[in-house]
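Structure first, commentary second.
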Amino acid sequence: MGPPGAGKGTQAKAIADRLQIPAISTGDIFRENVREETELGLEAKRYMDAGDYVPDELTNAMVRDRLAETPSGFLLDGYPRTVAQVAELDSMVEEAGNRIDAVLVLTVDIDEVVERLRKRAIAEGRSDDTEEVIRHRQDVYAQQTAPLIEVYDERGLLVRVDGMGGVADVTSRIFDALDATNGAAAS
Ligand code: ADP
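Quick note, the sequence shown lines up with residues 0 to 186 if you use numbering that gives the first Met the number 0.
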């Protein structure tokens, strides 16, 4: 977990490589569907362009399908993001006789992250990614997703890592933190 621009995708790949499990990014799957102009993609696009979350029913169904293909472990990037998605993930995991080992949160400075995203939008010519949409995404995260941190903290699953600084530094902080938690990275 972590706000948009925290570096979740980058770090998810590093963790998945190390643990030899697939990194499942809901954002990537949505973008792929948008590119391929599938029904799901067309539906998801209008929410994504506005910086809003795709409705839970669509997102949950998509994750359920994807998780069915991963019998021996997975890393989720960008899911769950709402309270309803937490409940849905719980039931998916339980049905599969699986468990969640850890919930990793990258903590970042919001103003720095917004500045980073703004520069990236300009550099990549993503004119639709205006400062307004970027700010809106941060607000949606604060309202709908940040409360999940408390939920997982109460379950004793939360691992907080400082997400500021260089990519490699953050990666090694994550590995250290995961190694120190209950068998998550070690097993
Ligand atoms: P960001 O980190 O900038 O939010 P992502 O690549 O993770 O970007 O996601 C892109 C978009 O895909 C989100 O803004 C949202 O519209 C949609 N999305 C991704 N994951 C979810 C989710 N779990 N629930 C609802 N919508 C999601």
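Beta carbons: idealized from backbone N, C-alpha and C, even for Gly.
{"Asked": "According to DSSP, simplified to helix, strand and coil, what is Ala-185?", "Found": "With a pLDDT of only 43 at Ala-185, under the threshold of 50, the placement of this residue in the model should not be trusted; the figure read from the coordinates follows. Three-state DSSP puts Ala-185 in coil, outside helix and strand."}
{"Asked": "Contact between the stretch 115 to 131 and the stretch 10 to 23 is defined here as three or more beta-carbon pairs at a separation below 8 Å; is this criterion met?", "Found": "no"}
{"Asked": "When DSSP builds the beta bridges, which residues end up paired with Asp-161?", "Found": "Thr-106"}
{"Asked": "Give me, in chain order, the residues of the same chain whose beta-carbon lies closer than 7 Å to that of Arg-134; leave out the 5 immediate sequence neighbours on both sides.", "Found": "Val-113"}
{"Asked": "If we ignore side chains and look at the alpha-carbon of each, how far apart do Asp-138 and Val-102 end up?", "Found": "21 Å"}
{"Asked": "Answer with buried or exposed for Asp-76, where buried requires no fewer than 16 other C-beta atoms within 10 angstroms of its C-beta.", "Found": "buried"}
{"Asked": "What span of residues does the alpha helix (DSSP H) with Asp-128 cover, start to end?", "Found": "Counting along the chain, Asp-128 falls outside any alpha helix (DSSP H), and DSSP gives it neither H nor E."}
{"Asked": "Any heavy atom of the ligand ADP inside 7 Å of the beta-carbon of Pro-79?", "Found": "yes"}
{"Asked": "Closer than 8 Å is the cut-off here; do at least three beta carbon pairs connect the stretch 48 to 59 with the stretch 78 to 96?", "Found": "yes"}
{"Asked": "Under the assumption that Ile-148 contacts Leu-157 (Cβ atoms under 8 Å), give the Cβ distance between them as a whole number of angstroms.", "Found": "7 Å"}
{"Asked": "Out of Val-107, Met-47 and Thr-170, which has the shortest C-alpha to C-alpha gap to Ala-145?", "Found": "Val-107"}
{"Asked": "What are the residues that DSSP puts in a beta bridge with Leu-74?", "Found": "Ala-22"}
{"Asked": "Apply the 10 Å Cβ neighbour rule to Gly-8 and answer buried if 16 or more other Cβ atoms are within range, or exposed otherwise.", "Found": "exposed"}
{"Asked": "For the alpha helix (DSSP H) holding Ile-148, just list the boundary residues, first then last.", "Found": "145 to 153"}
{"Asked": "Evaluate Ala-183 with the Cβ neighbour count: other Cβ atoms within 10 Å of its Cβ, from every protein chain shown; 16 or more gives buried, anything less gives exposed.", "Found": "Confidence at Ala-183 is low in this model, with a pLDDT of 46, below 50, so its placement is unreliable and the value that follows should be read with caution. Buried: at least 16 other Cβ atoms inside 10 Å."}
{"Asked": "Does Asp-100 pass the burial test, meaning 16 or more other C-beta atoms within 10 Å, or should it be called exposed?", "Found": "buried"}
{"Asked": "Would the stretch 29 to 44 count as touching the stretch 163 to 183 if we require 3 or more Cβ pairs under 8 Å?", "Found": "no"}
{"Asked": "From Tyr-151 to Asp-48, what does the alpha carbon distance come to, in whole angstroms?", "Found": "29 Å"}
{"Asked": "In or out: Gln-10 buried (at least 16 other Cβ within 10 Å) or exposed?", "Found": "buried"}
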